[in-house]
Amino acid sequence: MVLGPSGELVSVVLFLVGVAVVIVSVETFIEAVAEGALALGVSGFFLTVVLAGTDLENVILGVAAAYDQLPDLALGTVFGEALFILGGAVGLAGVLVPFETDVPRNYLGITLLAPFLFFGLALDGTLSRFDGAVLTATFVPYLAVIYTLERYTDTRYLSAEEVEIMEDEDPGIDEDDEWFDVDLDLDVDDFVEEHVPERHEGAAFLGIALLATVGMTVGSEIAVEGAQGLLTLLGVTGLAFGATVMSFIASLEELFLTVEPVRRGRPHIGVGNVVGSMLFFVSANAGLIALVRPLDTTGAVMTVHWPFFFGTLLIVAAAFYRGKVGRPTGVLLLGAYVAYWVANYAV
Numbered sequence: 001m002v003l004g005p006s007g008e009l010v011s012v013v014l015f016l017v018g019v020a021v022v023i024v025s026v027e028t029f030i031e032a033v034a035e036g037a038l039a040l041g042v043s044g045f046f047l048t049v050v051l052a053g054t055d056l057e058n059v060i061l062g063v064a065a066a067y068d069q070l071p072d073l074a075l076g077t078v079f080g081e082a083l084f085i086l087g088g089a090v091g092l093a094g095v096l097v098p099f100e101t102d103v104p105r106n107y108l109g110i111t112l113l114a115p116f117l118f119f120g121l122a123l124d125g126t127l128s129r130f131d132g133a134v135l136t137a138t139f140v141p142y143l144a145v146i147y148t149l150e151r152y153t154d155t156r157y158l159s160a161e162e163v164e165i166m167e168d169e170d171p172g173i174d175e176d177d178e179w180f181d182v183d184l185d186l187d188v189d190d191f192v193e194e195h196v197p198e199r200h201e202g203a204a205f206l207g208i209a210l211l212a213t214v215g216m217t218v219g220s221e222i223a224v225e226g227a228q229g230l231l232t233l234l235g236v237t238g239l240a241f242g243a244t245v246m247s248f249i250a251s252l253e254e255l256f257l258t259v260e261p262v263r264r265g266r267p268h269i270g271v272g273n274v275v276g277s278m279l280f281f282v283s284a285n286a287g288l289i290a291l292v293r294p295l296d297t298t299g300a301v302m303t304v305h306w307p308f309f310f311g312t313l314l315i316v317a318a319a320f321y322r323g324k325v326g327r328p329t330g331v332l333l334l335g336a337y338v339a340y341w342v343a344n345y346a347v
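Structure, rendered in structure tokens:
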């Protein structure tokens, strides 16, 4: 189909621009909050756990879609990004750089059990606002469990030191060996240090975070407006579009957040992104969307999205339990992700 200077082209441009604005705003927000917390003397540990387990792009786009009367599109982003990370990111890491990892069994068990609350609440065909409140509330205990395990046991998984190493090495760009040339870092830290007196740095970082929040809001509204036009153009359901196209474009950074640490010999950081994201998707992400608007969980949700999610999660969990993600596992995961796309448009 050739797009001309018409409403269809406008929809495509709005969608892409909106998603780009959200991603840049989120990256700026995360950096500003982290640097602001350090400048104000706030402990970086718990902040690291929260940021590592929270995918702001996805929930912002999902909440905006639900608010704009597109709850199916919103729910699709939850499953779509989870499948993208499990099938696409972990699968690609296994194919490009087969790796070994030692995932603490505690975290593996939490990751496998967490989806069942979401699944149980969805069995009656609707994820109500009450259900959303329950799911959102469970994310805090997950964080508390992780904090307790990190503080009082030998488990070390989402430590501030690990994330600091990843940030210092800037996994998005490697001058000697680039494979994914994307750099959305606006160097907030350098800007503040250069232009703001040290005593005001904390307030400056928090001010930038506030501006980034405005950018997230504006970008999400633009993206959803474009998505509405694309749904009409393509003639697909919001659930399918959210689970495939929208999630894929909004989640591209998950590739280097998962694959790049593996390639640099730090697979535990990539695995941390996977496990933290899964816990967020099945609790606060789905919960916040349902709080805005109840979600229909019948039809393809039960016959396509849940089976693919559980199946892919089991493959990844088995590989992590075994301690190795090799090329055969990577090919299997990538194949599952491709099949998920096909299934979305076949129903």
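Letter by letter, the sequence shown follows residues 1 to 347 in full-length UniProt numbering.
Backbone N, C-alpha and C fix where the C-beta goes; we use that ideal spot for every residue, glycine too.
{"query": "Minimum C-alpha distance to Gly207 - residue among Ala32, Glu221, Thr126", "result": "Ala32"}
{"query": "Continuous alpha helix (DSSP H) assignments of at least 4 residues falling wholly in the region 252-336", "result": "253-263, 267-280, 286-292, 306-322"}
{"query": "Backbone secondary structure at Thr244 - three-state DSSP", "result": "helix"}
{"query": "Rounded straight-line distance, which links the Cα of Leu279 to that of Val214", "result": "26 Å"}
{"query": "Spatial neighbours of Thr138 in its chain, beta-carbon cut-off 7 Å, leaving aside the 5 residues before and after", "result": "Leu117, Ser283"}
{"query": "Reduced DSSP secondary structure (H/G/I, E/B, other) of Phe29", "result": "helix"}
{"query": "Three-way DSSP call (helix, strand, coil) for Leu127 in this model", "result": "strand"}
{"query": "Delimiting residues of the alpha helix (DSSP H) encompassing Ala66", "result": "56-67"}
{"query": "Neighbourhood of Arg327 by C-beta, 8 Å cutoff - its chain only, sequence neighbours within 5 removed", "result": "Gly94, Val95, Pro98"}
{"query": "Beta-carbon proximity of Gly87 to Ala286, cut-off 7 Å", "result": "no"}
{"query": "Separation of Leu127 from Ala290, as counted between CA atoms", "result": "6 Å"}
{"query": "Element boundaries [alpha helix (DSSP H), containing Phe79]", "result": "71-83"}
{"query": "Rounded straight-line distance, which links the Cα of Phe79 to that of Val304", "result": "10 Å"}
{"query": "C-beta atoms of Phe310 and Tyr340 nearer than 7 Å", "result": "no"}
{"query": "Nearest candidate by alpha-carbon position, reference Val259, set Gly91, Val292, Leu61, Leu73", "result": "Gly91"}
{"query": "Where Leu314 falls, given that 16 or more other Cβ within 10 Å makes a residue buried", "result": "exposed"}
{"query": "Which residues DSSP lists as bridging Phe99, in chain order", "result": "Val325"}
{"query": "Straight-line Cα distance separating Phe130 from Trp306", "result": "21 Å"}
{"query": "Val22 - DSSP class collapsed to helix/strand/coil", "result": "helix"}
{"query": "Local conformation of Val338 per DSSP, three classes", "result": "helix"}
{"query": "Classification of Val271 by the beta-carbon crowding that lies within 10 angstroms, buried from 16 upward", "result": "buried"}
{"query": "Buried or exposed by the 16-neighbour rule on C-beta atoms within 10 Å, applied to Leu123", "result": "exposed"}
{"query": "CB contact flag (Asn344, Thr244, <7 Å)", "result": "yes"}
{"query": "Neighbourhood of Leu255 by C-beta, 8 Å cutoff - its chain only, sequence neighbours within 5 removed", "result": "Gly88, Ala89, Leu92, Phe180"}
{"query": "Per-residue burial, Glu81 [other beta carbons within 10 Å of its own, 16 or more giving buried]", "result": "buried"}
{"query": "Ser247 to Asn58 span [Cα, whole Å]", "result": "8 Å"}
{"query": "Straight-line gap, Ile146 to Val274 (C-alpha atoms, nearest Å)", "result": "14 Å"}
{"query": "Cβ shell of Leu70 (< 6 Å), same chain only, five flanking positions each side left out", "result": "Gly238"}
{"query": "Backbone secondary structure at Thr148 - three-state DSSP", "result": "helix"}
{"query": "Asp55 vs Ser277 beta-carbon contact at 7 Å", "result": "yes"}
{"query": "Extent of the continuous alpha helix (DSSP H) run through Gly109", "result": "105-113"}
{"query": "Buried or exposed (CB count within 10 angstroms, at least 16 for buried), Arg293", "result": "buried"}
{"query": "Nonlocal neighbours in the same chain, by C-beta distance under 6 Å from Val338, ignoring five residues either side", "result": "none"}
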